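Counting with this note's numbering, you get residues 295 to 690 for the letters of the sequence shown.
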Amino acid sequence: MSAAMSADLELPTAGRCPYRVVRNPHTVREVLHRPQDFSPANALLAVTPLSGQALRILQKARFALPPVLASNDTGTHAGIRKVVAGFFTPAKVAAMEPRIRGLARESAARAAQRLASEGSVDLVNTVAAHPPAVIMLEMLGLPVRDLPALKAWSLDSLELFWGWPDADRQLELAHSAADFYRWLRELVLESVASPDSGASPQPNLFNALALHGLSTPEICSLGYFLLIAGQETTTQLISTTLFRLAEGSRGISWGEATTALKARDLVRHVLATESSVPTWRRMANQDTFLDGRAVAAGEEILLELTGNHGFPWAESAEAQSADSEASDRPGPTPYGLAFGSGIHRCLGAKLAELEATVVVYETAAALKGVRLQDSNPDWIRLLSFQAPRTVVVEPG
Ligand code: HEM
Numbered sequence: 295m296s297a298a299m300s301a302d303l304e305l306p307t308a309g310r311c312p313y314r315v316v317r318n319p320h321t322v323r324e325v326l327h328r329p330q331d332f333s334p335a336n337a338l339l340a341v342t343p344l345s346g347q348a349l350r351i352l353q354k355a356r357f358a359l360p361p362v363l364a365s366n367d368t369g370t371h372a373g374i375r376k377v378v379a380g381f382f383t384p385a386k387v388a389a390m391e392p393r394i395r396g397l398a399r400e401s402a403a404r405a406a407q408r409l410a411s412e413g414s415v416d417l418v419n420t421v422a423a424h425p426p427a428v429i430m431l432e433m434l435g436l437p438v439r440d441l442p443a444l445k446a447w448s449l450d451s452l453e454l455f456w457g458w459p460d461a462d463r464q465l466e467l468a469h470s471a472a473d474f475y476r477w478l479r480e481l482v483l484e485s486v487a488s489p490d491s492g493a494s495p496q497p498n499l500f501n502a503l504a505l506h507g508l509s510t511p512e513i514c515s516l517g518y519f520l521l522i523a524g525q526e527t528t529t530q531l532i533s534t535t536l537f538r539l540a541e542g543s544r545g546i547s548w549g550e551a552t553t554a555l556k557a558r559d560l561v562r563h564v565l566a567t568e569s570s571v572p573t574w575r576r577m578a579n580q581d582t583f584l585d586g587r588a589v590a591a592g593e594e595i596l597l598e599l600t601g602n603h604g605f606p607w608a609e610s611a612e613a614q615s616a617d618s619e620a621s622d623r624p625g626p627t628p629y630g631l632a633f634g635s636g637i638h639r640c641l642g643a644k645l646a647e648l649e650a651t652v653v654v655y656e657t658a659a660a661l662k663g664v665r666l667q668d669s670n671p672d673w674i675r676l677l678s679f680q681a682p683r684t685v686v687v688e689p690g
C-alpha cells in the first residue's frame, strides 16, 4: 500500500487543527518556493485516515498512489512534469478555444431549452459539468467515454481524500474509488498498448508516460490525480462563478457577462476570493524556520491560496495562532496564488481560466436575464475544494 494511503496520519480531532495554517500570501509563496524545506509529499494524503476495511476495498482494486507528480518531492518530478506539460502548452490551449466555445454553446443552448420547457434549470449539471472533462480527455489523446461515471467518481474521490466522511460513508466512497481505479487501470493498459489515438499524431498521455519509463501503477497514480484535477476543479470554478453571477453579488450583472472581458474579470474575482481549490498542503522536510518561527520536521502545513468558506478548525485558537501574520492579512488573497506557485504550479491554469470564461460568457449570452431559484444550495465543502453542488436558475 502506498504512503498516500497509510492510516497512521494523526486524526484531526474536533476543535484541534492538525495543520500549521499559513494565511499570509507572502509566506504562502515562500513555502511554495522552498521545496527543499517544504515537501508536497502530503498533498494527496487522506484528511480522514482510511479504516482497515476501506483500505482492503482499495487494495482489492490494486489501488495505490505512489508519488509521481503533485506529491513527488524527488528528482524525477521535473522530467515527468515536462511530459505532462507538453499536452497543455499555451499554443495547444489557445488552439482549443473554438472547440471549448462549441461545447459551451451546445450546453448553454440545452440549458436555455430546459429553462423554457421546465421553468428552471441546474447550471452545474447542464453547463459546468461536461465541457471541461471532454476537453481534458481530448487534449490527453484519451477516449471520451463514461462521463457521468467520471463526474460521480471525481466527487466521491475528493470527499474520500479531502473530506470528513464517517465510517459508513468512507466505505461507500472507497468502493467508488476502487471502481474508478479499475476503470482507469483498464484505460491505462489499453492506451499504452495502442498509442495512436487516431486524430492526433501525438501519443496519448499514458503512452507518453510509459515511454518516459513510468510503471503501470505510477501511470495510474498520475491518471487518478489528473483525471480529477484536470476537470472537476474547473467545473467547480464555473459553478461558483455562475452562482455569484446569478446572485448579482459581485458587481457584474448577468447581461454584462456577455462581454468577454467582464466574464473573465468575474472568473478572476472568484479565483481570488473563493477558488475551487482554496487551500493546498505541504509538510516540513526538516527542522527549519518560517517567518522567524521554528517548524519541526514532519509538521504539516495548510496553505490558504485564496479566500475560502472555512474548514472545521478555521476558527480554532490553534488555527488562528498558527500564522504569525494572520491578523495583518491583506483583503482577498491575490489571484496569483490560486494555481499554486513554484515547481509544482498548476499545469492547467491557462486552460481552466479560458474554459471558465468561455462557458460563463456563452451561458450568459444564451440565457437572458435569469435569477437564482435556490439562493441557498448545498455546497461542496472539503479541506481543499469548494463550490455549490447546484446552481438552479429561473427566468428573471
Ligand atoms: C480552476 C481549476 C484549477 C485550479 C484552481 C487548480 C489548482 C491547482 C493547485 C492549487 C495545484 C497545486 C500547485 C502547487 O502545489 O504549487 C495544482 C496542481 C496541478 N494542476 Fe491544477 N488546478 C485547476 C485546473 C487544472 C487543470 C484543468 C489541469 C490540467 C488540464 C490541472 C493540472 C494540474 C497538475 C498536473 C498539477 C500538478 C503539477 C505539479 O505537481 O507539477 N489543473 N492545480
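Yeah, the Cβ is synthetic: ideal placement off N, Cα and C, and Gly gets one too. A quick note: this is a predicted structure, and the numbers were derived from the prediction, not measured.
CB contact flag (residue i, residue j, <7 Å)
i, j, result
"GLY517", "GLY642", "no"
"LEU452", "PHE679", "yes"
"HIS603", "ARG675", "yes"
"THR553", "GLU649", "no"
"TRP458", "THR342", "yes"
"ILE546", "LEU555", "no"
"ARG314", "GLU526", "no"
"ILE394", "ILE351", "no"
"ALA540", "LEU666", "yes"
"ALA461", "LYS445", "no"
"ILE522", "SER569", "no"
"PRO698", "HIS638", "Past the edges of the chain, shown from 295 to 690, lies residue 698, and the structure says nothing about it."
"GLY690", "VAL652", "no"
"LEU436", "ASN498", "yes"
"SER414", "VAL685", "no"
"ALA660", "TRP548", "no"
Sheet register partners of residue i (DSSP bridge)
i, result
"PHE455", "PHE455 pairs with nothing; no bridge assigned."
"ARG575", "LEU596"
"ASP416", "VAL686"
"THR582", "VAL589"
"ALA566", "Note: ALA566 sits in no beta bridge, so no partner."
"ALA358", "Paired residues: none, contrary to the question."
"VAL664", "PRO689"
"ARG675", "GLN680"
Cut-off 8 Å between Cβ atoms - residues of its own chain near residue i, not counting five sequence neighbours on either side
i, result
"ASP581", "ALA588, VAL589, ALA590 and ALA591"
"ILE374", "VAL362, LEU363, ASN366, LEU503, HIS506, LEU508 and LEU516"
"PRO682", "VAL418, SER533, THR534, PHE537, PRO671, ASP672, TRP673 and ILE674"
"LEU465", "SER345, GLN347, ALA348 and ILE351"
"VAL654", "ILE532, THR535, LEU536, LEU539, ALA551, ALA557, LEU560 and VAL561"
"GLU412", "none"
"GLU391", "LEU648 and VAL652"
Same chain only: Cβ atoms within 7 Å of residue i, ignoring 5 sequence neighbours per side
i, result
"GLY636", "LEU326, HIS327 and PRO329"
"PHE382", "MET433, LEU641, GLY642 and LEU645"
"SER296", "Interpretation of SER296 is limited by its pLDDT of 37, a score under 50 that renders its predicted location unreliable; the figure taken from the coordinates is listed afterwards. Contacts found: ALA358, LEU359 and PRO360."
"ASP450", "LEU467, SER470 and ALA471"
"TRP456", "VAL341, LEU676, LEU677, SER678 and PHE679"
"THR420", "SER401, ARG404, ALA405 and ARG408"
"ASP331", "ALA578, ASN579, GLN580 and THR582"
"HIS563", "ARG544"
"VAL322", "VAL316, LEU597, GLU598, LEU599 and LEU631"
"VAL387", "LYS644, LEU645 and LEU648"
"PRO691", "Any property of residue 691 remains undetermined from this structure, which presents the chain solely from 295 to 690."
Contacts around residue i, its chain only, beta-carbon distance under 6 Å, and the 5 residues preceding and following it disregarded
i, result
"ALA355", "ALA472, TYR475 and ARG476"
"GLY479", "A small fix is needed here, since residue 479 is Arg in this sequence, not Gly. Taken in chain order, the residues that qualify are CYS514."
"GLU656", "ALA398, ARG399 and ALA402"
"GLU619", "Bear in mind that the predicted position of GLU619 carries a pLDDT of just 47, short of 50, making it too unreliable to give a figure here."
"VAL486", "PHE500, ASN501 and ALA504"
"PHE519", "ALA364"
7 Å Cβ cutoff, residue i in contact with chain B
i, result
"ASN498", "The structure shown contains no chain B; it holds only a single protein chain."
Distance cut-off 6 Å: residue i Cβ against heavy atoms of the ligand NAP
i, result
"VAL571", "Looking at this structure, you won't find the ligand NAP anywhere; what it does contain is the ligand HEM."
Quick one: any contact between the stretch 403-410 and the stretch 666-675, if contact means 3 or more CB pairs under 8 Å? no
Fully enclosed by the stretch 473-518, which alpha helix (DSSP H) runs are 4 residues long or longer? As far as the stretch 473-518 is concerned, its whole alpha helix (DSSP H) runs of at least 4 residues are 499-505.
My parser needs the beta strand (DSSP E) runs of 3 or more residues fully inside the stretch 306-352; what are they? 314-316
Counting only runs that start and end within the stretch 426-451, where is the alpha helix (DSSP H) found for 4 or more residues in a row? none
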